[in-house]
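Data first, discussion second: the structure below is written as structure tokens.
There are 4 protein chains.
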Amino acid sequence: MRVRTYTRHMTNAARGRPRSESVRRSILEAARDLIAERGYQQLSFQAIATRSGCGRQTIYRWWASKALIVADLVLEGQLTLPQQPVPDTGSLDVDLTEWLERITASLRDPAVAALTRALISAASDDQGHAQLLYAMTTGPYHQGLVDRLARGQSLGQLREAADPAALADALIGTVLFRTLIAGAQPAGASAVIRALTAP
Amino acid sequence: MRVRTYTRHMTNAARGRPRSESVRRSILEAARDLIAERGYQQLSFQAIATRSGCGRQTIYRWWASKALIVADLVLEGQLTLPQQPVPDTGSLDVDLTEWLERITASLRDPAVAALTRALISAASDDQGHAQLLYAMTTGPYHQGLVDRLARGQSLGQLREAADPAALADALIGTVLFRTLIAGAQPAGASAVIRALTAP
Amino acid sequence: MRVRTYTRHMTNAARGRPRSESVRRSILEAARDLIAERGYQQLSFQAIATRSGCGRQTIYRWWASKALIVADLVLEGQLTLPQQPVPDTGSLDVDLTEWLERITASLRDPAVAALTRALISAASDDQGHAQLLYAMTTGPYHQGLVDRLARGQSLGQLREAADPAALADALIGTVLFRTLIAGAQPAGASAVIRALTAP
Amino acid sequence: MRVRTYTRHMTNAARGRPRSESVRRSILEAARDLIAERGYQQLSFQAIATRSGCGRQTIYRWWASKALIVADLVLEGQLTLPQQPVPDTGSLDVDLTEWLERITASLRDPAVAALTRALISAASDDQGHAQLLYAMTTGPYHQGLVDRLARGQSLGQLREAADPAALADALIGTVLFRTLIAGAQPAGASAVIRALTAP
DNA sequence: TCCTAAGCGAGACGGTACGTCTAGTCTTATT
DNA sequence: AATAAGACTAGACGTACCGTCTCGCTTAGGA
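Residue numbers (our numbering), protein chains in the order written: chain A, 12 to 210; chain B, 12 to 210; chain C, 12 to 210; chain D, 12 to 210.
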């Protein structure tokens with residue numbers, strides 16, 4: 012991920028023609044669109060170059076693999092599970108179910124599903140960056156979930172033995188796995204919520 | 012998967028040289044070994060043919076895609092999460108934790124991890140066969156988990172509101188997702204178990 | 012040069028799809044035309060494939076380098092100095108001058124010049140095949156010249172000390188060098204002839 | 012070849028930073044060494060820049076093509092057939108044979124052969140500058156040969172009908188052609204000498 | 001002493017071609 | 001027919017150069 016840009020900052024030399032920001036954006040946009048249209052597996056450097064109108068070498072110069080392009084898409088915020096804030100109506104049960112519904116609704120959009128699936132493929136593809144990509148994918152709403160679970164726990168809506176961070180991970184994992192890989196409704200997550208929050 | 016073989020049975024004509032079973036097995040074995048060694052993404056028809064010593068066309072004749080070869084590997088029982096029976100010592104908490112430990116232990120074997128990851132990639136790759144591949148992957152131990160959860164529930168070790176089938180799905184999903192994609196320890200699953208089974 | 016075809020003959024197995032003669036010819040024709048149009052240096056596997064309508068790999072399968080394609084063009088007789096028989100009117104002086112004139116006339120055709128220059132470039136380029144290419148280039152008329160010189164010598168029109176084979180080489184070398192590399196009229200060759208044959 | 016420098020003289024403005032003579036020399040030296048090591052075909056602007064430590068643009072600024080760099084190498088005297096004076100012992104036959112031996116001996120040095128071959132390639136490559144490059148290559152010893160031949164002719168060691176200039180050209184052409192392109196011993200030239208100078 | 005013009009190292013950019021690999025399809029002889 | 005063999009078109013891979021284009025820095029007059 013822009014390791015070279017980082018190096019530049021280190022040496023603060025800034026020699027030579029500066030990197031073109033517009034080219035960088037057009038590459039990321041082309042990659043995003045191609046993933047949405049045909050999926051991560053079909054994505055190729057060639058196709059990105061053709062679509063974005065740049066030379067193939069320009070992509071190789073900045074990204075070592077498809078997985079790292081996907082990582083940059085995440086950093087750009089162009090590729091995440093939609094940022095769904097967890098509501099707080101006072102009832103943990105109701106709020107988690109509502110959040111779950113919103114997440115699954117947005118995953119019904121083929122483009123969003125394709126982009127998220129790309130993240131999973133990228134992580135599965137490239138074990139060296141798996142944790143990075145995983146953190147990028149789940150990070151944004153992990154914290155929101157943890158906070159909401161902890162608030163519910165302090166009100167006695169979640170038993171003491173439950174670890175909010177672990178539960179948040181399990182909920183996200185279950186949703187993504189069921190929805191994107193199994194291609195099924197994430198009924199399990201909803202049931203888990205009920206099992207956890209039942210009095 | 013072997014659609015043509017099926018057609019044969021229908022028309023019961025069976026003219027010409029019969030399909031070679033030994034070739035079929037050597038192809039599947041070659042595919043299995045190549046997945047274990049280099050992963051699903053790197054798997055190619057070419058490499059399978061070379062390794063198994065058959066002609067490339069023979070593979071194309073019987074399998075339309077890499078994903079369907081993986082499906083056959085599952086049918087052959089050469090490619091699944093290891094068949095871990097859920098123990099029953101009387102304590103649901105202890106038994107689930109034990110099962111979880113065994114599963115994660117077997118996933119630490121790189122070959123097993125690669126084969127399982129291949130199933131996930133194949134399902135993610137080929138949406139048309141996603142549910143089939145998903146069922147093949149999780150089927151073997153899904154039922155065992157459901158049974159054990161139901162027994163615990165009847166003994167009051169799991170609250171009434173929890174649906175054993177949904178919980179089984181969530182546990183499996185969480186384990187696979189965390190272990191294979193995130194490349195992390197499936198701490199979440201363990202915590203979920205504690206949260207669910209705490210008195 | 013068609014080493015693999017030769018191997019085929021050796022093992023006389025002839026398994027698999029046989030090589031397409033029409034493709035082979037279209038490749039050689041495309042190469043010949045491209046050399047005539049743009050020169051040997053500009054010739055590329057890419058361009059040959061595009062022009063002949065074949066896949067690039069097909070060319071790599073049969074020829075390891077541009078130089079060897081040129082060698083095959085020679086074997087095909089599509090690429091030589093034009094086959095000019097040395098006349099025999101009885102006067103060595105007159106006949107050699109006549110032959111020289113015909114050769115230089117045909118080299119004034121840009122296509123012929125380009126093809127012959129390609130042979131020289133190929134030999135200069137690829138030291139490993141230099142002698143082969145040289146023999147291919149000069150072979151066809153070398154013998155004719157030697158014969159004519161020997162006949163003249165036996166009639167006393169060429170001094171005894173002159174070696175016909177060496178003189179033939181020198182004449183050809185001088186013509187090609189002057190015409191193709193220096194881009195000048197091969198006045199030298201004509202003068203050498205006069206010097207040699209003067210009484 | 013340094014067209015811009017010439018322009019400078021015309022406008023006698025000479026503003027801005029003057030051309031660096033040290034950079035110019037390091038570029039020519041790098042080109043010379045690379046030709047000696049890997050040949051003219053493999054020579055690239057890129058490699059010259061890397062080896063000489065200058066920017067690529069600096070080379071493009073002053074030379075339009077590889078062939079013109081070679082031309083400058085000749086002007087610098089860094090790239091010619093070795094300057095072999097033609098001896099004069101009184102016997103034309105002996106002297107020419109001696110000269111021929113020296114020339115071929117120096118061409119046995121791979122670096123000298125590579126540099127000379129580069130000149131031929133450059134001339135063959137770039138028809139626009141062919142005569143220039145040819146003149147640069149042969150010029151230095153052409154005159155020496157002509158002089159020696161004329162002296163021999165005046166002593167009756169060479170028949171009257173022979174044109175010294177044309178014979179010099181033929182000798183040089185034969186040597187270069189046989190040695191550098193055919194990769195063979197220039198036996199022909201030696202035989203031509205004997206044929207010409209025999210009583 | 002500043003200003004302006006040009007040379008220079010560096011390196012990004014759109015390209016073309018390389019040589020290799022794989023995908024699918026096809027055409028042989030053999031089994 | 002199925003099989004091994006392998007040629008064929010197609011196209012992606014990652015690399016190397018091409019020729020062009022900015023950049024910041026340097027080095028010289030001339031103002």
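Glycine included, every Cβ here is placed at the ideal spot set by N, Cα and C.
Would you decide whether B/Ser165 is buried or exposed? Buried here means 16 or more other CB atoms lie within 10 Å of its CB.
-> Residue 165 of chain B sits at position 154 when you count from the first residue of the second sequence. Looking at its Cβ environment, which holds fewer than 16 other Cβ atoms inside 10 Å, B/Ser165 is exposed.
Is the stretch 71–86 of chain A touching the stretch 98–113 of chain A in the sense that three or more CB pairs, one from each, lie closer than 8 angstroms?
-> no
Can you list the residues of chain C that D/Gly184 reaches, using a CB-CB cut of under 9 angstroms?
-> Within the fourth sequence, the letter at position 173 stands for residue 184 of chain D. In chain order: Ala181, Gly184, Thr185, Val186, Leu187, Phe188, Arg189, Ile192, Ala193, Pro197, Gly199, Ala200.
Beta-carbon neighbours of C/Ser135, restricted to chain D and to distances below 8 angstroms | Start at 1 with the first residue of the third sequence, and residue 135 of chain C comes out as number 124. Near C/Ser135 (Cβ distances below 8 angstroms), the residues of chain D are Arg128, Ile131, Ser132, Ser135, Leu191, Ile192.
Quick one, which of A/Gln68, A/Met147, A/Thr115 has its alpha-carbon nearest A/Gly88's?
-> Locating residue 88 of chain A in the first sequence gives position 77, where the first residue counts as 1. Distances from the alpha-carbon of A/Gly88 to those of A/Gln68, A/Met147, A/Thr115 put A/Met147 closest.
For B/Ala116, does the count of other Cβ atoms within 10 angstroms reach 16, so buried, or fall short, so exposed?
-> By 1-based counting over the second sequence, the position of residue 116 of chain B is 105. Exposed, by the Cβ-count rule.
Look up B/Glu171 in the DSSP assignment and say whether it is helix, strand or coil.
-> In the second sequence, the residue the question calls residue 171 of chain B occupies position 160. Correct three-state label for B/Glu171: coil.
Cβ shell of D/Ser201 (< 8 angstroms), same chain only, five flanking positions each side left out = Along the fourth sequence, one-based indexing puts residue 201 of chain D at 190. Cβ neighbours of D/Ser201 beyond the five flanking positions: Thr108, Leu111.
Comparing the C-beta of D/Ala206 with each C-beta of chain C, is any distance below 8 angstroms?
-> In the fourth sequence, the residue the question calls residue 206 of chain D occupies position 195. Cβ-Cβ to chain C under 8 angstroms: yes for D/Ala206.
Report buried or exposed for D/Gly150, applying the criterion of at least 16 other Cβ atoms within 10 angstroms of its Cβ.
-> For the purposes of this step, residue 150 of chain D is identified with residue 139 of the fourth sequence, where counting begins at 1. Exposed, by the Cβ-count rule.
Please confirm if D/Arg170 has its CB atom under 8 angstroms from at least one CB of chain C.
-> As a position in the fourth sequence, residue 170 of chain D is number 159, starting the count at 1. So yes, D/Arg170 belongs to the interface.
Pull up the distance between the alpha-carbon of D/Ala177 and that of C/Val203, whole angstroms please.
-> Taking the first residue of the fourth sequence as position 1, residue 177 of chain D is located at position 166. Taking the first residue of the third sequence as position 1, residue 203 of chain C is located at position 192. Going by the C-alpha atoms only, they are around 7 angstroms apart.
So what does DSSP say about A/Leu107, is it helix, strand or coil?
-> For the purposes of this step, residue 107 of chain A is identified with residue 96 of the first sequence, where counting begins at 1. Helix, per DSSP.
Alpha-carbon to alpha-carbon, C/Ser31 and B/Ser135 | Here residue 135 of chain B refers to the residue found at position 124 of the second sequence. Here residue 31 of chain C refers to the residue found at position 20 of the third sequence. Going by the C-alpha atoms only, they are around 41 angstroms apart.
Could you work out which residues of chain B lie near A/Leu103, taking near to mean beta carbons separated by less than 8 angstroms?
-> The residue you call residue 103 of chain A lines up with position 92 of the first sequence. Simply none; closest approach about 13 angstroms.
4-residue-minimum alpha helix (DSSP H) runs that sit fully inside the stretch 137–166 of chain C, ordered along the chain | 141–165
Straight-line CA distance for C/Ala122 to C/Arg113?
-> Residue numbering aside, residue 122 of chain C sits at position 111 when the third sequence is read from its first letter. Residue numbering aside, residue 113 of chain C sits at position 102 when the third sequence is read from its first letter. Computed Cα separation, rounded: 16 angstroms.
Around the Cβ of D/Arg15, are there at least 16 other Cβ atoms within 10 angstroms (buried) or fewer (exposed)?
-> As a working mapping, residue 15 of chain D is identified with position 4 in the fourth sequence. No answer about D/Arg15 holds up, because its pLDDT of 43 lies below 50 and its placement is not dependable.
Counting only beta-carbon atoms, is B/Gln52 nearer than 8 angstroms to chain A?
-> Taking the second sequence and counting its residues from 1, the one referred to as residue 52 of chain B is at position 41. So, interface residue.
Return the CA-CA distance between B/Ala193 and A/Gln95, expressed in angstroms with no decimal places.
-> Along the second sequence, read from residue 1 onward, the residue named residue 193 of chain B stands at position 182. Along the first sequence, read from residue 1 onward, the residue named residue 95 of chain A stands at position 84. Answer to the nearest angstrom: the Cα atoms are 21 angstroms apart.
If you draw a straight line from the C-alpha of A/Leu72 to the C-alpha of D/Ile38, how long is it?
-> Position 61 of the first sequence holds residue 72 of chain A. Position 27 of the fourth sequence holds residue 38 of chain D. Per the sequence shown, the amino acid found at residue 72 of chain A is Arg instead of Leu. Going by the C-alpha atoms only, they are around 27 angstroms apart.
DSSP three-state assignment for C/Gly50, whether helix, strand or coil = Within the third sequence, numbered from 1, the residue matching residue 50 of chain C stands at position 39. Of the three classes helix, strand and coil, the one that applies to C/Gly50 here is coil, per DSSP.
Does B/Tyr152 have its Cβ less than 8 angstroms from a Cβ in chain A?
-> In the second sequence, counting from the first residue as 1, residue 152 of chain B sits at position 141. Output row for B/Tyr152: interface = no.
Looking only at its own chain, which residues have a Cβ that is under 6 angstroms from the Cβ of B/Ala129, when we skip the five neighbours before and after it?
-> Working through the second sequence from its first residue, we reach residue 129 of chain B at position 118. Ile46, Tyr51, Val81.
Beta-carbon separation of A/Ala256 and A/Ile70 under 8 angstroms?
-> Beyond the ends of chain A as shown, which are 12 and 210, falls residue 256 of chain A; an answer cannot be given.
Name the chain B residues whose beta carbon is nearer than 9 angstroms to that of A/Ala173?
-> Locating residue 173 of chain A in the first sequence gives position 162, counting from the first residue. Neighbours of A/Ala173 on chain B, chain order: Ala202, Val203, Arg205, Ala206, Leu207, Ala209.
In chain C, what lies closer than 8 angstroms to D/Ala141 by C-beta?
-> Along the fourth sequence, one-based indexing puts residue 141 of chain D at 130. Per Cβ cutoff of 8 angstroms: Ile192, Ala193, Gly194.
Which ranges does the alpha helix (DSSP H) cover as unbroken runs of at least 4 residues, wholly within the stretch 56–99 of chain C, from first to last along the chain?
-> 56–63, 67–73, 77–86
What residues from chain C crowd round D/Gln138, counting only those whose CB sits closer than 8 angstroms?
-> For the purposes of this step, residue 138 of chain D is identified with residue 127 of the fourth sequence, where counting begins at 1. In chain order: Gly194.
Can you grab the Cα-Cα spacing for the pair A/Gln142 / D/Gly66, in whole Å?
-> Translated into the one-based positions of the first sequence, residue 142 of chain A becomes position 131. Translated into the one-based positions of the fourth sequence, residue 66 of chain D becomes position 55. If I take the Cα positions, the gap works out to 41 angstroms.
Alpha carbon to alpha carbon, how far is A/Leu126 from A/Val85? Give it in angstroms, no decimals.
-> Stepping through the first sequence from its first residue, residue 85 of chain A is reached at position 74. Stepping through the first sequence from its first residue, residue 126 of chain A is reached at position 115. Cα to Cα, A/Val85 sits roughly 10 angstroms from A/Leu126.
Determine the burial state of D/Ser218: buried for a count of at least 16 other Cβ atoms within 10 Å of its Cβ, exposed for fewer.
-> Chain D is shown from 12 up to 210; residue 218 of chain D falls before or after that span and cannot be answered.
Quick one: what does DSSP say A/Ala241 is sitting in, helix, strand or coil?
-> Outside the modelled stretch of chain A, which goes from 12 to 210, sits residue 241 of chain A, for which no answer is possible.
Under a CB-based cut-off of 8 angstroms, is D/Tyr71 close to chain C?
-> Stepping through the fourth sequence from its first residue, residue 71 of chain D is reached at position 60. For D/Tyr71, the answer is no, since every Cβ of chain C falls outside 8 angstroms of its Cβ.
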